[in-house]
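Have a look at the structure below before the remarks.
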Amino acid sequence: MVIRVYIASSSGSMAIKKKQQDVLGFLEANKIGFEEKDIAANEENRKWMRENVPENSRPATGYPLPPQIFNESQYRGDYDAFFEARENNAVYAFLGLTAPPGSKPRERVAGRTEGLCIPAVSSPTSLLGNGGYIAFF
């Protein structure tokens, strides 16, 4: 299965450029194979993307904006859906892929998701009062 990300290489919108780079950077960093489909340089890509975004996922006016994400020809979502999946540690499910061996969802403890802890300073004493660690949730 191939993930296809429809982008606009010559977009004048900084917001669109940042969203596109966020999706592509995440896929690259996690070694998830994908193809970029440029709707600005290829009319066929633009037409295909516009025709294959489901009605319920289109904006009220105008056309769907990049990035739009597909698994083969199956629509997976736009940037907002991708962002939500990433925040919920569910990107593989969002993309319709099987998570690689060894990956697991973040653990839930007492009704909240435990995050990553990293050392804040090199010494064991700290003004943080928690042994010198910053917790990300």
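Numbering (UniProt numbering), first residue to last: 1 to 137.
All C-beta atoms, glycine included, are put in the ideal place defined by N, C-alpha and C.
For clarity, every value in this text was computed on a predicted model and none was experimentally measured.
Spatial distance of residue i from residue j (CA atoms)
i           : j          : result
residue 10  : residue 40 : 6 angstroms
residue 44  : residue 2  : 18 angstroms
residue 77  : residue 70 : 7 angstroms
residue 82  : residue 23 : 8 angstroms
residue 35  : residue 68 : 12 angstroms
residue 87  : residue 27 : 14 angstroms
residue 103 : residue 13 : 35 angstroms
residue 73  : residue 51 : 11 angstroms
residue 18  : residue 89 : 20 angstroms
residue 114 : residue 33 : Summary for residue 114: the model assigns pLDDT 46, below 50, so the residue's position carries little reliability; its value from the coordinates is reported in the next sentence. Going from the Cα of residue 114 to the Cα of residue 33 covers about 29 angstroms.
residue 97  : residue 4  : 13 angstroms
residue 119 : residue 84 : Reliability fails at residue 119, whose pLDDT of 46 lies under 50, so the model's placement of it is uncertain and no value is given.
residue 25  : residue 42 : 22 angstroms
Cβ neighbour criterion (16 or more within 10 Å) applied to residue i
i           : result
residue 49  : buried
residue 31  : exposed
residue 37  : buried
residue 20  : buried
residue 127 : Annotation note: pLDDT 45 at residue 127 (below 50); position unreliable, coordinate value reported separately. Residue 127 comes out exposed.
Sub-7 angstroms separation of residue i and residue j beta-carbons
i           : j          : result
residue 100 : residue 7  : no
residue 75  : residue 54 : yes
Next item on the list: Indicate whether the contact test is met: 3 or more Cβ pairs, each with one atom in the region 90 to 98 and one in the region 59 to 67, closer than 8 angstroms.
Entry: no
query = Which full runs of the beta strand (DSSP E) of 3+ residues lie inside the region 2 to 29, going along the chain?
reply = 3 to 7
Original post:
In the region 31 to 92, which residue ranges form an unbroken beta strand (DSSP E) of at least 3 residues, counting only runs that do not cross its ends?
Top reply: 34 to 38, 68 to 71, 74 to 78
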